[in-house]
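Using the working numbering, the first residue of the sequence shown is number 2, and each one after it goes up by one. C-beta: ideal position from N, C-alpha, C; glycine also. Since this is a predicted model, take the numbers as computed values, not measurements.
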Amino acid sequence: MKAEATHPAGQPAVIMTDVHKWFGEHHVLNGINLTVHKGERLVICGPSGSGKSTLVRCINRLEAHQQGTIMVDGIELTGDSRNIDEVRREVGMVFQQFNLFPHLTVLQNCMLAPVWIRKVPKKAAQEIALHFLERVKIPDLADRYPGRLSGGQQQRVAIARALCMTPKIMLFDEPTSALDPEMVKEVLDTMCSLADEGMTMLCVTHEMGFARQVAHRVVFMDAGSIIEENTPELFFTHARHPRTRTFLEQIL
Ligand SMILES: Nc1ncnc2c1ncn2[C@@H]1O[C@H](COP(=O)(O)OP(=O)(O)O)[C@@H](O)[C@H]1O
Ligand SMILES: [Mg+2]
2 MKAEATHPAG QPAVIMTDVH KWFGEHHVLN GINLTVHKGE RLVICGPSGS
52 GKSTLVRCIN RLEAHQQGTI MVDGIELTGD SRNIDEVRRE VGMVFQQFNL
102 FPHLTVLQNC MLAPVWIRKV PKKAAQEIAL HFLERVKIPD LADRYPGRLS
152 GGQQQRVAIA RALCMTPKIM LFDEPTSALD PEMVKEVLDT MCSLADEGMT
202 MLCVTHEMGF ARQVAHRVVF MDAGSIIEEN TPELFFTHAR HPRTRTFLEQ
252 IL
């Protein structure tokens, strides 16, 4: 069975073609070819240092690739800042570290980008923020400061904050790895509910239960390359590459 068979048959949301990236001498992305369709949910896994974060950060130009092309929703990412701004309006990102502003309340954190970048009037931005805080099930925390929240709550604020910009694509870079185990589930549940709504998602994660439940496709990276990709079912049961099998043995 080909992995493509299970993709939603949407238009491509992200197309990476022969993408290379170096940090100095270090070849960190080594010819990445990856197409993610609208509505598709992709899980990216692989050992530490294999280039997973760099790959997703290239998609909203937090890192610049040096060779190859990246198209996001039909826009090519080049050095042109207009294209970069356009792509960033479409792409939300959630990091391992929540990166909330400590001196702003939860509500203010969520209103910041809509008001300053989208020029949404404050009252409307507040309504949007409350809507998405409701969505991640923490509307009652709107007036708290991040320092008074648990890690799981902070990460849900970070997800709500990204959603307030109404992105078409969500990137997650190990969103649960900094959390205490008892908080992982509440964040994964939030991500599952986003998936239910048809959000296009690229998730770097080692939560293989999540991958099984939610992903259409899993890709495995090693040393800057995608060395294996498949549906979750086949990925976990029929990994072809010895390095994938070693990795799965370690984490499962
Ligand atoms: N800003 C940077 N400057 C130099 N090297 C970096 C930088 N960011 C990442 N790297 C290196 O690039 C490689 C891939 O990193 P990363 O994409 O973070 O991998 P992963 O997310 O899979 O752990 C690693 O060897 C890392 O040390
Ligand atoms: Mg990483």
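The DSSP-derived three-state label of glutamate 77 is strand.
Between histidine 207 and glutamate 41, the gap from beta carbon to beta carbon reaches 7 Å or more. Apart from sequence neighbours up to five positions away, the residues of its chain that approach leucine 142 with a beta-carbon distance below 8 Å are Val107, Leu134, Leu150, Gln154 and Val158, ordered along the chain.
In this structure, the straight-line span from the alpha carbon of threonine 167 to that of isoleucine 252 is close to 34 Å. In this chain, the alpha helix (DSSP H) harbouring glycine 153 covers 152-164.
Going by beta carbons, lysine 22 and valine 29 fall inside the 7 Å limit.
Close CB contacts of serine 226 within its chain, under the 6 Å cut and outside five residues either way in sequence, are with Asn31 (chain order). Residue Ala163 holds the alpha-carbon nearest to the alpha-carbon of asparagine 100 among Thr36, Leu203, Ala163 and Arg241. Distances between the C-beta of serine 226 and the heavy atoms of ligand 2 are all 6 Å or more. Going down the chain, each residue whose beta-carbon is closer than 5 Å to a heavy atom of ligand 1 shows up: Phe24, Val29, Ser49, Gly50, Ser51, Gly52, Lys53, Ser54 and Thr55. Counting only the Cα atoms, lysine 138 lies some 42 Å from histidine 27. Counting only the Cα atoms, glutamate 128 lies some 43 Å from aspartate 223.
The C-beta of isoleucine 118 has fewer than 16 other C-beta atoms within 10 Å across all chains shown, which makes the residue exposed. With respect to the C-alpha of arginine 62, the residue from Gly47, Phe221 and Asp86 having the closest C-alpha is Asp86. Between proline 122 and leucine 131 a beta carbon distance of about 15 Å is seen, past the 8 Å cut, so the two are scored as non-contacting. The stretch 68-145 contains, as complete beta strand (DSSP E) runs of 3+ residues, the segments 68-73 and 92-95 (chain order). Of the candidates Pro115, Asp74, Pro13 and Gln67, Gln67 places its Cα closest to the Cα of glycine 25. Using a 10 angstroms sphere on the CB of glycine 47, the tally of other CB atoms reaches 16 or more, which defines it as buried.
The bridge partners DSSP lists for arginine 218 are Leu43.
By alpha-carbon distance to glycine 93, the top candidate from Glu250, Val73 and His239 is Val73. Taking 7 Å as the cut-off, the beta carbon of isoleucine 170 is found no closer than this to the beta carbon of threonine 191. Remark: C-beta atoms of proline 176 and valine 188 approach each other more closely than 7 Å. Rounded to the nearest whole angstrom, the CA to CA distance from glycine 69 to aspartate 144 is 45 Å. Residue state for serine 54 is assigned as helix, using DSSP reduced to three classes.
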